[in-house]
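Residue numbers (the working numbering): 21 to 328.
Every residue gets a Cβ at the ideal spot worked out from N, C-alpha and C, and that includes glycine.
One structure is given below, encoded as structure tokens.
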């Protein structure tokens with residue numbers, strides 16, 4: 021029998037509110053750009069192309085960066101059995117399966133939709149987790165694919181990337197006197213007005229980027245909670261995911277920094293970041309993942325509901 025993930029009303033409301041606030045910030049940003057009659061078409065086009073490439077080729081780019089290798093059922097029969105069982109439980113097409121040669125215990129899923137998805141695990145997590153714990157971790161990754169989180173996060177980050185590029189290009193331009201002042205500018209008159217307008221655009225872009233950075237990180241944390249919840253529903257064993265997360269977290273401190281840096285670029289995709297935030301820490305506000313303590317508390321609540 022297939023297990024539908026259903027809806028967590030509270031979590032969905034928080035995600036909707038975050039997306040709404042992002043939309044408000046972005047609309048205000050676009051309004052300022054239009055008001056100042058600035059030409060940012062080139063930047064928007066560049067960002068659109070980059071995000072489209074990320075959306076359609078994220079699986080290849082992420083896996084290539086991590087040196088992941090596609091594997092066969094003959095190479096990893098137990099892994100394939102787990103993935104196949106989860107595909108049947110969720111009604112999702114069988115994803116491609118990859119293994120990352122790294123001692124860092126972690127897993128990820130990528131791909132733009134269930135028909136074009138890849139689940140990948142590190143050799144470290146294969147060596148460390150029990151089969152039921154690994155199944156819970158992979159169910160978490162299946163949830164990301166079912167929720168189309170790659171698409172959601174790409175859309176959420178579009179104008180944030182535009183703002184970031186405006187700030188970066190503006191700073192570079194300003195270094196060479198491009199704001200209407202100094203040797204590289206127009207000096208006075210129209211050039212000076214244009215330079216002041218450009219400075220205002222950069223300041224607005226910086227504010228938009230800062231606000232959207234915090235909101236996007238919050239949205240990412242909510243998506244992780246949703247994937248944890250999805251794992252609990254699919255496996256009906258939240259305690260197995262909790263056990264897996266504790267094992268992963270506990271082993272991170274024993275992993276050499278060099279190995280952690282090799283996978284840190286894919287932190288946002290992983291089930292557990294190479295460097296995580298602690299409960300009550302301000303750093304969690306800027307983290308892509310909730311703290312271990314908060315995740316365990318949520319899983320404990322789900323365990324109590326399922327066991328009733």
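DSSP three-state label for residue 25, please.
Three-state DSSP puts residue 25 in coil, outside helix and strand.
Do you know how far the Cα of residue 216 is from the Cα of residue 199?
Confidence is the limiting factor: at residue 199 the pLDDT is only 48, short of 50, which leaves the residue's position unreliable, though a coordinate-based value still follows. Cα-Cα distance, rounded: 7 Å.
Checking 8 Å against the spacing of the C-beta atoms, do residue 24 and residue 149 come in under that value?
The answer is no: Cβ separation not under 8 Å.
Using a threshold of 8 Å, state whether the C-beta atoms of residue 104 and residue 125 are closer than that.
Against a cut-off of 8 Å, the Cβ pair of residue 125 and residue 104 comes out as no contact.
Return the residue from the list 70, 120, 156 that minimises the CA-CA distance to residue 181.
Of the candidates 70, 120, 156, the one whose C-alpha sits nearest the C-alpha of residue 181 is 70.
I'd like to confirm the pairing. Which residues does DSSP put opposite residue 119 in its beta bridges?
BP columns for residue 119 point to 89, 141.
By Cβ distance, which residues of its chain are closer than 6 Å to residue 159, with the 5 residues on each side in sequence left out?
Result list for residue 159: 106, 251, 254, 255, in chain order.
What is the C-beta distance between residue 319 and residue 248, in whole angstroms, given that I count them as a contact (C-beta under 8 Å)?
About 6 Å separates the two Cβ atoms, so the contact holds.
Within the 8 Å Cβ cut-off, does residue 79 reach chain C?
Among the protein chains of the structure shown there is no chain C, as only one such chain exists.
Hey, residue 161 and residue 129: beta-carbon distance below 8 Å or not?
The answer is yes: Cβ separation under 8 Å.
Identify whether residue 128 lies in helix, strand or coil by the three-state DSSP scheme.
Three-state DSSP puts residue 128 in a strand.
Taking only the alpha-carbon atoms, compute the straight-line gap between residue 175 and residue 82 and give it to the nearest angstrom.
Straight-line Cα distance between these residues: approximately 18 Å.
Given a cut-off of 8 Å on the beta-carbon distance, is the pair residue 157 and residue 291 in contact?
In contact: residue 157 and residue 291 (Cβ atoms closer than 8 Å).
Once the 5 residues before and after residue 244 are set aside, which same chain residues still bring their CB inside 7 Å of it?
Once the five neighbours on either side are set aside, the close Cβ partners of residue 244 are 309, 310.
Specify the secondary structure class of residue 175 as computed by DSSP and reduced to three states.
Note: residue 175 maps to helix in three-state DSSP.
For residue 112, which of helix, strand or coil comes out of DSSP?
The answer is coil: DSSP assigns residue 112 none of H, G, I, E or B.
Whose C-alpha, out of 166, 121, 76, 53, is nearest the C-alpha of residue 147?
With distances taken between Cα atoms, residue 147 lies closest to 121.
Let's test the definition: count the other Cβ atoms within 10 Å of the Cβ of residue 273 and tell me whether it reaches 16, buried, or not, exposed.
Residue 273 is exposed by the Cβ-count criterion.
Using DSSP's beta-bridge definition, name the partner residues of residue 290.
Answer is 128.
Is it buried or exposed for residue 260, if we count other Cβ within 10 angstroms and need 16 for buried?
Residue 260 is buried by the Cβ-count criterion.
Leaving out five residues on either side along the sequence, give the residues of the same chain with a beta carbon under 7 Å from the beta carbon of residue 315.
Closer than 7 Å at Cβ, skipping near neighbours: 248, 265.
Is it true that the CB of residue 275 sits closer than 8 Å to the CB of residue 45?
No, Cβ-Cβ distance for residue 45 and residue 275 is not below 8 Å.
If you follow the alpha helix (DSSP H) that residue 258 is in, where does it begin and where does it stop?
258-272 is the extent of the alpha helix (DSSP H) around residue 258.
DSSP state of residue 94, grouped into three classes?
It is coil, neither helix nor strand.
Under 8 Å, do residue 326 and residue 258 count as touching if we go by C-beta distance?
Contact: yes.
Output the boundary residues of the alpha helix (DSSP H) element that contains residue 337.
Lying before the first or after the last residue shown, residue 337 is absent from the chain, which here runs from 21 to 328.
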